[in-house]
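Below: the structure, in structure tokens.
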Amino acid sequence: MMAMMAWRLLRTGPGEPAWNMALDEALWRSFPKAGRPTLRLYRWARPTLSIGYSQRVGEFDLEACAELGVEIVRRPTGGGAVLHRPHDYEVTYSLVHQVEGLGNVKESHRMIAEALASGLRRLGLAVEVQDRAHAQNHPYHRAIGACFAIPSYAELTISGRKVVGMAQVRDRLALLEQGSIPLELDLERLVVLMAVAEEKGRGSDGLSRAELLDLLRARAGGLREFAPASVKAEEVEEALIAGFADRFKVGLVEAPPTQEELELAEALAKGKYSDPS
Numbered sequence: 000m001m002a003m004m005a006w007r008l009l010r011t012g013p014g015e016p017a018w019n020m021a022l023d024e025a026l027w028r029s030f031p032k033a034g035r036p037t038l039r040l041y042r043w044a045r046p047t048l049s050i051g052y053s054q055r056v057g058e059f060d061l062e063a064c065a066e067l068g069v070e071i072v073r074r075p076t077g078g079g080a081v082l083h084r085p086h087d088y089e090v091t092y093s094l095v096h097q098v099e100g101l102g103n104v105k106e107s108h109r110m111i112a113e114a115l116a117s118g119l120r121r122l123g124l125a126v127e128v129q130d131r132a133h134a135q136n137h138p139y140h141r142a143i144g145a146c147f148a149i150p151s152y153a154e155l156t157i158s159g160r161k162v163v164g165m166a167q168v169r170d171r172l173a174l175l176e177q178g179s180i181p182l183e184l185d186l187e188r189l190v191v192l193m194a195v196a197e198e199k200g201r202g203s204d205g206l207s208r209a210e211l212l213d214l215l216r217a218r219a220g221g222l223r224e225f226a227p228a229s230v231k232a233e234e235v236e237e238a239l240i241a242g243f244a245d246r247f248k249v250g251l252v253e254a255p256p257t258q259e260e261l262e263l264a265e266a267l268a269k270g271k272y273s274d275p276s
């Protein structure tokens with residue numbers, strides 16, 4: 000009987016914003032030496048606004064971020080802004096995997112989404128994997144900088160509301176997928192942090208603060224809004240581990256980062272990820 004392939008599992012708990020992004024990139028860049036996929040589950044040590052690789056810092060209200068004690072960090076992946084909350088309000092995951100076998104970006108998104116859905120359904124959640132992107136159908140899709148505003152292809156929804164944000168970067172050999180699974184969303188604070196006018200000015204092609212908040216409330220949700228019981232972050236992590244194991248037919252074995260990965264992550268945290276601009 001053929002032995003089941005083993006992936007590395009990292010459960011690193013709460014991390015500083017720069018460290019969280021740096022370790023994800025270090026795992027991705029070190030894949031040729033690591034030689035096997037890594038699923039990482041983690042959280043945040045402080046309130047953090049992570050912004051996509053191509054987003055401009057000017058899209059956000061830096062003064063409001065400072066006043067509310069929210070740190071900004073740039074992700075290595077694309078997509079819109081995500082407000083991460085510490086403690087038991089979110090589970091964040093990353094997956095490093097060889098490109099071979101997962102297809103193009105859309106195909107790999109779909110496979111990963113199926114693993115996430117398999118896990119979340121174990122918690123009694125009626126999760127659906129989107130078959131199409133909705134962003135192009137929204138009149139303000141270019142002006143919306145919040146990740147959870149509009150579901151994209153292969154992202155997860157419950158009752159039509161987005162519950163997981165996903166983004167990916169890849170090179171010739173490996174991909175890094177990052178995702179946010181909020182148990183509860185703080186949409187009011189997110190809207191305050193974005194550089195959105197209180198009222199939409201005449202001729203503006205963007206959204207007012209009130210309009211963006213209404214859009215987010217209609218399109219996004221946290222797991223606790225839909226869970227049969229008050230689900231905890233640890234339960235979500237266990238369910239995700241089971242979902243990935245089932246979808247990819249692998250075992251997940253806990254093992255720490257290598258010394259080389261830690262050293263690279265430290266250098267990235269002190270350099271690249273120390274300044275979101």
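Going by numbering that gives the first Met the number 0, the letters in the sequence shown line up with residues 0 to 276, in that order. Glycine included, C-beta positions come from ideal geometry on N, C-alpha and C.
Under the three-state reduction of DSSP output, Val249 falls in the strand class. Judged by DSSP in its simplified three-state form, Tyr272 adopts helix. A Cβ-Cβ distance of about 5 Å is found for the pair Gly51 and Gly77, placing them in contact under the 8 Å criterion. Taken through DSSP and simplified to helix, strand or coil, Lys32 comes out as helix. For the pair Glu66 and Asp185, the Cα-to-Cα distance works out to about 16 Å.
In the DSSP assignment, Val191 falls within the alpha helix (DSSP H) that extends over 186-192. Distances from the alpha-carbon of Ser179 to those of Leu192, Leu40, Glu265 put Leu40 closest.
Judged by DSSP secondary structure, Leu40 falls outside any alpha helix (DSSP H) and instead within the beta strand (DSSP E) spanning 37-43. Per the coordinates, the alpha-carbon of Ala238 lies some 15 Å from the alpha-carbon of Glu253. Shown here, Met4 sits in a strand according to DSSP, grouped into three states. By the neighbour-count criterion, in which 16 or more other beta carbons inside 10 Å mark a residue as buried, Pro85 falls on the exposed side.
The residue from Met193, Glu262, Asp87 with its alpha-carbon nearest to that of Gly79 is Met193. Between the C-alpha atoms of Ala21 and Leu267 there is a straight-line separation of about 5 Å. For His86, there is no enclosing beta strand (DSSP E), since its DSSP letter is neither H nor E. Residue pairing by DSSP places Tyr52 in no beta bridge whatsoever. A direct Cα-Cα distance of roughly 13 Å separates Leu124 from Gly159. Under the criterion of beta carbons closer than 8 Å, Asp23 and Leu175 qualify as touching, at roughly 6 Å. Three or more beta-carbon pairs separated by less than 8 Å are not found between the stretch 163-171 and the stretch 203-217, which leaves the two stretches without contact. The beta carbon of Phe225 is closer than 8 Å to those of Leu124, Ala125, Ile157, Ser158, Val162 in its chain, skipping five residues each way along the sequence. Bounds of any alpha helix (DSSP H) do not take in Ala219, whose DSSP letter is neither H nor E. For Lys161, the secondary structure class from DSSP, reduced to helix, strand or coil, is strand.
Distance between Glu154 and Phe243, taken at the CA atoms: about 16 Å. The Cβ atoms of Pro36 and Val95 lie closer than 8 Å to each other.
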